[in-house]
Amino acid sequence: FFSSADKFVASFDFKEAISKITIDLSRAHFWDITAVAALDKVVIKLRREGTEVEVLGLNEASATIVDRFGVHDKENATDLLSGH
Numbered sequence: 041f042f043s044s045a046d047k048f049v050a051s052f053d054f055k056e057a058i059s060k061i062t063i064d065l066s067r068a069h070f071w072d073i074t075a076v077a078a079l080d081k082v083v084i085k086l087r088r089e090g091t092e093v094e095v096l097g098l099n100e101a102s103a104t105i106v107d108r109f110g111v112h113d114k115e116n117a118t119d120l121l122s123g124h
């Protein structure tokens, strides 16, 4: 899982100016908080660069774990993940 999470984060170019991005997770399944943390890291980094981010396609089980442990969609998300 750690390797997959690292590959997920590495697949994004955070330096390229993009106005909007959609992350389609309809073919993914989140097994643990490592995956949730990777999603948080990507979404928050992109938003810090001014990119509008839409996350879609989470299956029910993945959505549950993201809702429970994720911070990217919470108020003050950038403060919660500061330093990442």
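Using our numbering, the letters of the sequence shown correspond one by one to residues 41 to 124.
Just so it is clear, CB atoms sit at the ideal spot from N, CA and C, and this is done for glycine as well.
Note that this is a predicted model, so its numbers are computed, not measured.
Bounds of any alpha helix (DSSP H) do not take in K60; it lies within the beta strand (DSSP E) bounded by K60 to D64. If you look at V95, you'll find it in the beta strand (DSSP E) that goes E92 to L96.
A buried status is given to S102, since no fewer than 16 other beta-carbon atoms sit within 10 Å of its beta-carbon. The beta carbon of N99 is closer than 7 Å to those of H69 in its chain, skipping five residues each way along the sequence.
Under the DSSP assignment, K85 falls in the alpha helix (DSSP H) whose first and last residues are I73 to R88. Considering only K55, V106, R87 and T91, the residue with the shortest C-alpha distance to N116 is R87. Take V83, set aside five residues on each side of it, and the residues of its chain with a beta-carbon closer than 6 Å to its own are V93 and H112, in chain order.
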